Amino acid sequence: MNSQELFEESKKIIPGGVSSPVRAFKPYPFFVAKGEGSHIYDVDGNSYVDHCLAYGPLILGHADKTVVSDLTNQLTMGTAYGAPTENEIKLSREVINRIPSAEMVRFTNSGTEATMSAIRIARGFTKRDKIVKFEGAYHGAHDYCLVKGGSGAACLPDSLGIPLDTTKNTLTVPFNDEEALTELIEKEGENIACIIMEVVMGNIGCVEPKDGYLEFLRKITEENGIVLIFDEVITGFRLATGGAQEYYGVTPDMTTLGKIVGGGLPMGAFCGKKEIMELVAPNGPVYQAGTFSGNPISVQAGLSTLKQLNNDFYTSLNKKGEFLRSNICDIVDELSLDISPVGLGSMFQIYFNPNEVTNYAEAQESDSERFLVYFRQLLKEGVFIPPSQFECNFISSAHKMEDLEKTVNAIRKSLKVAFE
Ligand code: PLP
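The working numbering applies: residue 2 is where the sequence shown begins, and numbers increase by one.
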């Protein structure tokens with residue numbers, strides 16, 4: 002069956018035909034045959050340079066040889082034990098040695114579980130109920146955080162099935178706005194357990210904190226006894242070996258990880274100051290658990306991946322990012338387009354928006370229809386990116402110069418088609 006036929010079949014038994022909503026782009030998503038290095042192959046015989054990279058985890062590209070070989074070995078020794086392993090200690094050490102805020106670590110099965118648990122612990126630690134998130138930030142699909150906010154919508158859930166009673170404790174403010182947060186903390190500070198944030202907002206495209214904003218957040222949270230949580234599910238091990246907190250030089254109280262930490266397998270983690278992490282069961286009164294947490298397969302994939310991520314790795318990876326971004330800027334100039342290329346490290350995106358985007362509301366002003374024309378043309382040119390400008394595109398170490406040149410040419414052609 003081809004992708005179109007498979008999608009028809011799939012829709013009959015899987016809601017929307019997909020296991021996660023963003024995958025269901027129109028008219029139908031391609032169905033994957035395999036991934037290899039920088040490429041993903043569909044069942045229709047097409048190959049694509051992959052800049053979606055499973056939405057971030059595949060920093061080494063698909064089916065990295067070392068990861069596959071270590072995994073194959075581990076598979077023969079079992080897939081789940083319900084008992085601890087030495088590799089969990091090794092992986093915890095890798096995390097602690099790299100992530101500045103990490104003194105202790107607990108593994109989960111996804112980024113969603115990691116943020117959900119970190120928020121519970123922050124609430125347990127402060128004995129406060131309210132949390133603050135930024136408009137448009139995504140921290141996974143659990144009830145505490147499915148609140149996008151936006152003007153006048155603070156505290157309203159983003160989905161049916163979430164009680165207002167749950168989200169009434171979730172307050173939202175615009176990103177990069179010191180005044181709005183100061184005002185909120187003046188009013189609610191003593192009830193706020195934590196501020197959870199994507200340091201670089203990868204779920205509205207790619208928005209960086211303004212100069213001094215993270216330092217402001219660090220100061221105001223310390224002054225008000227609020228736990229500062231960096232959700233580094235995307236940026237952890239992506240921007241630098243120590244994540245965005247190393248990149249920007251600001252250390253939070255807690256950090257949530259996902260994606261790369263599992264080396265391409267399902268995994269998340271939360272880590273932070275010992276005095277906070279000691280509250281987690283069985284040491285303390287904050288319950289957190291998982292049948293597959295720390296399973297030997299994900300842990301092995303994480304270990305085999307992290308071992309390859311040294312400073313030279315990031316120097317080389319980020320150079321590829323610079324190459325791509327500077328070429329995109331040249332194309333935008335060459336074609337005299339009023340759009341805004343953004344990105345840093347190995348992350349990139351283009352806002353179909355003439356203005357600089359610094360928060361969710363500004364991102365929302367971008368031209369989504371035109372972006373879809375661009376996305377579809379990129380597919381025709383053999384390049385796969387997420388089907389929305391409110392996601393981020395990635396580069397892996399498996400991307401070679403010839404892949405990036407192909408991407409640059411495909412972007413030129415696709416922008417021309419989108420704006421003709
Ligand atoms: N936090 C951030 C910043 C994310 O981007 C995501 C997923 O994209 C999550 C949390 C949730 O992670 P998962 O999809 O592994 O549950």
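We put the CB at the ideal spot given by N, CA and C, even for glycine. Remember, it's a predicted structure, so these values are computed and weren't measured experimentally.
| field | Of the listed residues Gly291, Glu276 and Phe293, nearest to Gly285 (C-alpha basis) | value | Glu276
| message | Counting beta carbon pairs with one atom in the region 369–376 and one in the region 30–39, are three or more of them shorter than 8 Å? | response | no
| Do you know offhand how far Ser20's Cα is from Lys128's? | Going by the C-alpha atoms only, they are around 36 Å apart.
| query | In angstroms, rounded to a whole number, what distance separates the CA positions of Val374 and Glu382? | reply | Counting only the Cα atoms, Glu382 lies some 12 Å from Val374.
| Would you say Pro387 touches the ligand PLP, meaning its beta carbon is less than 8 Å from a heavy atom? | no
| Which value, in whole angstroms, describes the spacing of the CA atoms of Ser152 and Asp313? | Caution is warranted here: a pLDDT of 45 is assigned to Ser152, below 50, making its placement in the model unreliable, and the coordinate value is therefore given only provisionally. Their Cα atoms are separated by approximately 43 Å.
| Is it true that the CB of Glu233 sits closer than 9 Å to the CB of Val200? | yes
| From the DSSP output, which residues share a beta bridge with Ala272? | Residue 272 is actually Cys in this sequence, not Ala. BP columns for Cys272 point to Val106 and Thr256.
| request: For Asn204, verify whether its CB is less than 8 Å away from any heavy atom of the ligand PLP. | output: yes
| query | Taking 8 Å as the cut-off, does the CB of Thr173 come closer than this to any heavy atom belonging to the ligand PLP? | reply | no
| query | For Asn3, which of Phe32, Ile15 and Ala25 has the nearest alpha-carbon? | reply | Phe32
| said: According to DSSP, Val33 sits in a beta bridge with which residue or residues? | reply: DSSP output for Val33 lists Asp43 as bridge partner(s).
| task | Select from Glu357, Ala241 and Thr173 the residue whose C-alpha is nearest the C-alpha of Tyr139. | result | Of the candidates Glu357, Ala241 and Thr173, the one whose C-alpha sits nearest the C-alpha of Tyr139 is Thr173.
| message | Since Phe108 and Ser294 should fall inside the 8 Å C-beta cutoff, what is the C-beta to C-beta distance between them, to a whole number of angstroms? | response | 5 Å
| task | Tell me whether Ile340 sits in a helix, a strand or coil according to DSSP, three-state version. | result | coil
| request: Hey, could you find the ends of the alpha helix (DSSP H) Ser415 is sitting in? | output: Met402 to Ala419
| task | Report all residues from its chain with a CB closer than 7 Å to the CB of Leu218; omit the five preceding and five following residues, and keep chain order. | result | Cβ-Cβ distances below 7 Å link Leu218 to Ile196 and Leu229 in the same chain, with the five nearest sequence neighbours on each side left out; the list follows chain order.
| Own chain residues within Cβ distance below 7 Å of Glu6, not counting five before or after | none
| Best match in Asp43, Glu89, Glu114 and Ala142 for proximity to Asn296 [C-alpha to C-alpha] | It is Glu89.
| query | Helix, strand or coil for Asn74 per DSSP? | reply | helix
| task | Have a look at Val106 and Ile261 and give me their C-alpha separation to the nearest angstrom. | result | 15 Å
| request: With DSSP as the reference, label Ser11 as helix, strand or coil. | output: helix
| Looking only at C-alpha atoms, which of Gln301, Ala181 and Thr292 sits nearest to Ala84? | Thr292
| Considering only C-alpha positions, which residue in the set Leu379, Asp130, Ile298 and Ile412 is nearest to Asn110? | Ile298
| request: Measure the C-alpha to C-alpha separation of Lys131 and Leu380 and round it to an integer number of angstroms. | output: 43 Å
| task | Alpha carbon to alpha carbon, how far is Gly259 from Arg413? Give it in angstroms, no decimals. | result | 33 Å
| request: Tell me whether Val228 counts as near the ligand PLP, meaning its Cβ is closer than 8 Å to at least one heavy atom of that ligand. | output: no
| message | Buried or exposed for Ala419, going by 16 or more other Cβ atoms inside 10 Å? | response | buried
| said: Run through the DSSP bridge pairs and tell me what Asp51 is partnered with. | reply: Phe385
| request: Give the DSSP bridge partners of Gln1, in chain order. | output: Because the chain spans 2 through 421 in this model, residue 1 falls outside it and cannot be assessed.
| request: Express the C-alpha separation of Gly141 and Pro158 in angstroms, rounding to a whole number. | output: 13 Å
| request: Mark Glu10 as exposed unless 16 or more other C-beta atoms lie within 10 angstroms of its C-beta, in which case mark it buried. | output: exposed
| said: Between the alpha carbons of Ala155 and Glu392, how many angstroms are there, rounded? | reply: Note that Ala155 scores 47 on pLDDT, short of 50, meaning its location in the model is unreliable; the coordinates nonetheless yield the value given after this. Looking at the two C-alpha atoms, the distance is approximately 22 Å.
| field | Extent of the continuous beta strand (DSSP E) run through Met198 | value | Ile193 to Met198
| What number of angstroms, rounded off, separates the C-alpha of Thr171 from the C-alpha of His143? | 12 Å
| Any chance the CB of Thr256 is under 8 Å from a heavy atom of the ligand PLP? | no
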